[in-house]
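Numbering (the numbering used here), first residue to last: -12 to 157.
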(Lines of atoms letter the chains of each structure in order from A and count residues from 1; the text may use other names and numbers.)
(Lines give C-alpha, C1' and ligand atoms only; values in the text may rest on other atoms or scores of the structure.)
Protein backbone atom coordinates (compact mmCIF):
# COMPACT_ATOMS: atom_id res chain seq x y z
CA UNK A 1 0.00 0.00 0.00
CA UNK A 2 1.51 3.29 -1.12
CA UNK A 3 0.61 6.65 -2.60
CA UNK A 4 1.53 5.34 -6.07
CA UNK A 5 -0.67 2.25 -5.60
CA UNK A 6 -3.69 4.39 -4.70
CA UNK A 7 -2.99 6.84 -7.53
CA UNK A 8 -2.90 4.00 -10.10
CA UNK A 9 -6.03 2.51 -8.54
CA UNK A 10 -7.74 5.90 -8.96
CA UNK A 11 -6.82 5.81 -12.64
CA UNK A 12 -8.04 2.22 -12.89
CA UNK A 13 -11.62 3.02 -11.88
CA UNK A 14 -12.41 4.83 -15.16
CA UNK A 15 -9.65 3.29 -17.35
CA UNK A 16 -9.48 -0.43 -16.43
CA UNK A 17 -11.17 -3.00 -18.64
CA UNK A 18 -10.95 -6.72 -17.88
CA UNK A 19 -9.97 -8.54 -21.06
CA UNK A 20 -12.65 -10.83 -22.44
CA UNK A 21 -10.00 -12.93 -24.21
CA UNK A 22 -8.26 -14.08 -21.03
CA UNK A 23 -9.13 -14.38 -17.36
CA UNK A 24 -5.73 -12.86 -16.57
CA UNK A 25 -5.91 -9.97 -19.05
CA UNK A 26 -5.93 -6.36 -17.92
CA UNK A 27 -6.41 -3.37 -20.19
CA UNK A 28 -5.92 0.27 -19.26
CA UNK A 29 -7.48 2.55 -21.92
CA UNK A 30 -7.62 6.34 -22.13
CA UNK A 31 -7.85 9.14 -24.69
CA UNK A 32 -4.69 10.49 -23.07
CA UNK A 33 -1.55 8.64 -24.07
CA UNK A 34 0.47 10.31 -21.33
CA UNK A 35 -1.86 8.81 -18.70
CA UNK A 36 -1.28 5.32 -20.10
CA UNK A 37 2.47 6.06 -20.09
CA UNK A 38 2.22 6.88 -16.38
CA UNK A 39 0.42 3.57 -15.71
CA UNK A 40 3.03 1.68 -17.73
CA UNK A 41 5.88 3.40 -15.89
CA UNK A 42 4.43 2.95 -12.40
CA UNK A 43 3.63 -0.72 -13.05
CA UNK A 44 7.16 -1.13 -14.45
CA UNK A 45 5.67 -2.75 -17.53
CA UNK A 46 7.53 -3.57 -20.73
CA UNK A 47 4.25 -3.88 -22.68
CA UNK A 48 3.69 -1.63 -25.67
CA UNK A 49 1.21 1.22 -25.66
CA UNK A 50 -1.09 0.75 -28.63
CA UNK A 51 -3.25 3.29 -30.46
CA UNK A 52 -6.82 2.06 -30.86
CA UNK A 53 -7.06 0.71 -34.43
CA UNK A 54 -10.83 1.16 -34.68
CA UNK A 55 -12.03 3.90 -36.99
CA UNK A 56 -12.97 7.18 -35.28
CA UNK A 57 -11.42 6.05 -31.98
CA UNK A 58 -8.70 8.20 -30.48
CA UNK A 59 -7.58 6.23 -27.49
CA UNK A 60 -4.51 4.37 -26.32
CA UNK A 61 -4.20 1.24 -24.28
CA UNK A 62 -1.84 -1.14 -22.63
CA UNK A 63 -2.70 -4.82 -22.32
CA UNK A 64 -1.12 -6.82 -19.49
CA UNK A 65 -1.52 -10.43 -18.46
CA UNK A 66 -1.36 -10.73 -14.71
CA UNK A 67 -3.86 -13.02 -13.01
CA UNK A 68 -2.88 -11.87 -9.50
CA UNK A 69 -3.34 -8.17 -10.34
CA UNK A 70 -6.63 -8.83 -12.06
CA UNK A 71 -7.99 -10.78 -9.08
CA UNK A 72 -6.92 -7.95 -6.74
CA UNK A 73 -8.66 -5.36 -8.93
CA UNK A 74 -11.81 -7.48 -8.95
CA UNK A 75 -11.64 -7.84 -5.14
CA UNK A 76 -11.57 -4.05 -4.94
CA UNK A 77 -14.81 -3.88 -6.93
CA UNK A 78 -13.49 -3.16 -10.40
CA UNK A 79 -16.19 -5.06 -12.22
CA UNK A 80 -16.46 -5.28 -16.00
CA UNK A 81 -19.55 -3.09 -15.74
CA UNK A 82 -18.34 0.42 -14.81
CA UNK A 83 -21.83 1.38 -13.65
CA UNK A 84 -21.43 -1.08 -10.75
CA UNK A 85 -18.03 0.15 -9.56
CA UNK A 86 -18.21 1.46 -6.01
CA UNK A 87 -15.94 3.96 -4.32
CA UNK A 88 -13.50 1.97 -2.16
CA UNK A 89 -14.31 2.17 1.54
CA UNK A 90 -10.93 1.17 2.95
CA UNK A 91 -8.71 4.05 1.81
CA UNK A 92 -6.60 5.47 4.61
CA UNK A 93 -6.95 9.23 4.94
CA UNK A 94 -3.33 9.78 3.86
CA UNK A 95 -4.02 8.11 0.51
CA UNK A 96 -7.37 9.72 -0.35
CA UNK A 97 -5.77 12.64 -2.20
CA UNK A 98 -3.73 10.23 -4.35
CA UNK A 99 -6.71 8.03 -5.19
CA UNK A 100 -8.84 11.05 -6.08
CA UNK A 101 -5.92 12.53 -8.04
CA UNK A 102 -5.71 9.34 -10.10
CA UNK A 103 -9.46 9.30 -10.69
CA UNK A 104 -9.30 13.00 -11.58
CA UNK A 105 -6.52 12.39 -14.12
CA UNK A 106 -8.44 9.48 -15.62
CA UNK A 107 -11.94 10.94 -15.67
CA UNK A 108 -12.22 14.67 -14.96
CA UNK A 109 -12.99 17.28 -17.55
CA UNK A 110 -11.72 20.79 -16.91
CA UNK A 111 -13.65 23.46 -18.75
CA UNK A 112 -14.26 27.18 -18.83
CA UNK A 113 -17.61 28.84 -19.05
CA UNK A 114 -18.14 31.24 -21.94
CA UNK A 115 -19.42 33.95 -19.62
CA UNK A 116 -16.28 33.76 -17.45
CA UNK A 117 -13.29 32.40 -19.41
CA UNK A 118 -10.90 32.93 -16.48
CA UNK A 119 -12.88 30.51 -14.35
CA UNK A 120 -11.90 26.81 -14.28
CA UNK A 121 -14.60 24.27 -13.59
CA UNK A 122 -14.47 20.49 -13.11
CA UNK A 123 -16.90 17.86 -14.31
CA UNK A 124 -16.92 14.11 -13.68
CA UNK A 125 -19.05 11.52 -15.49
CA UNK A 126 -19.32 8.12 -13.81
CA UNK A 127 -21.94 6.11 -11.98
CA UNK A 128 -24.03 7.93 -9.38
CA UNK A 129 -23.08 5.68 -6.47
CA UNK A 130 -19.35 6.30 -7.00
CA UNK A 131 -19.83 10.03 -7.59
CA UNK A 132 -21.96 10.39 -4.46
CA UNK A 133 -19.23 8.90 -2.30
CA UNK A 134 -16.54 10.93 -4.10
CA UNK A 135 -18.57 14.05 -3.38
CA UNK A 136 -18.95 13.11 0.31
CA UNK A 137 -15.17 12.70 0.58
CA UNK A 138 -14.55 16.03 -1.18
CA UNK A 139 -17.10 17.72 1.04
CA UNK A 140 -15.42 16.34 4.17
CA UNK A 141 -11.75 16.81 3.22
CA UNK A 142 -11.75 19.60 0.62
CA UNK A 143 -14.74 21.54 2.02
CA UNK A 144 -16.52 21.85 -1.34
CA UNK A 145 -19.85 23.67 -1.28
CA UNK A 146 -21.71 21.91 -4.08
CA UNK A 147 -24.65 19.69 -3.27
CA UNK A 148 -25.11 16.05 -4.32
CA UNK A 149 -24.35 14.92 -7.91
CA UNK A 150 -27.10 14.89 -10.49
CA UNK A 151 -27.35 11.37 -11.88
CA UNK A 152 -24.08 10.27 -13.47
CA UNK A 153 -22.59 13.77 -13.56
CA UNK A 154 -20.83 15.76 -10.86
CA UNK A 155 -19.63 19.28 -11.55
CA UNK A 156 -17.86 21.90 -9.49
CA UNK A 157 -17.50 25.63 -10.06
CA UNK A 158 -14.33 27.65 -9.85
CA UNK A 159 -14.05 28.03 -6.05
CA UNK A 160 -14.70 24.32 -5.46
CA UNK A 161 -12.23 23.46 -8.23
CA UNK A 162 -9.52 25.35 -6.36
CA UNK A 163 -10.42 23.51 -3.14
CA UNK A 164 -10.19 20.15 -4.95
CA UNK A 165 -6.83 21.14 -6.43
CA UNK A 166 -5.52 22.14 -2.99
CA UNK A 167 -6.75 18.85 -1.52
CA UNK A 168 -5.14 16.70 -4.23
CA UNK A 169 -1.81 18.54 -4.01
CA UNK A 170 -1.74 19.19 -0.26
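Glycine is no exception: its CB is placed at the ideal position from the N, C-alpha and C atoms.
If you're wondering where the values come from, they're calculated on a predicted model, not measured in any experiment.
Proximity test, residue i beta-carbon vs the ligand MG heavy atom, cut-off 6 Å
i          : result
residue 82 : By its list of ligands, the structure shown contains no ligand whatsoever, and the ligand MG lies outside what it can speak to.
Residue nearest to residue i in terms of C-alpha spacing, selected from the options
i           : options              : result
residue 130 : 142, 141 and 147     : 147
residue 128 : -10, 153 and 37      : 153
residue 92  : -11, 119, 24 and 106 : 24
residue 160 : 16, 18, 29 and 35    : Any question about residue 160 goes unanswered here, given that the chain covers just -12 to 157.
residue 32  : 49, 120, 103 and 20  : 49
residue 145 : 108, 96, 122 and 134 : 108
residue 1   : 143, 68, 80 and 125  : 68
residue 56  : -10, 15, 20 and 119  : 15
residue -1  : 88, 149 and 104      : 88
residue 26  : 43, 9 and -3         : -3
residue -10 : 80, 137 and 74       : 80
Whether residue i touches residue j by CB criterion (7 Å)
i           : j           : result
residue 52  : residue 12  : yes
residue 84  : residue 157 : yes
residue -7  : residue 82  : yes
residue 117 : residue 74  : yes
Limits of the alpha helix (DSSP H) - the one that residue i falls within
i           : result
residue 87  : 80 to 94
residue 120 : 115 to 128
residue 1   : -10 to 2
Range of the contiguous beta strand (DSSP E) that encloses residue i
i           : result
residue 157 : That residue, residue 157, is in no beta strand (DSSP E); it is neither H nor E in DSSP.
residue 12  : 12 to 17
Residue i (DSSP reduced to helix, strand or coil)
i           : result
residue 38  : strand
residue 65  : coil
residue 30  : coil
residue 134 : coil
residue 50  : strand
residue 59  : helix
residue 101 : coil
residue 70  : helix
residue 142 : strand
residue 106 : strand
Nearest-angstrom Cβ-Cβ length linking residue i and residue j, presumed shorter than 8 Å
i           : j           : result
residue 139 : residue 114 : 6 Å
residue 17  : residue 46  : 6 Å
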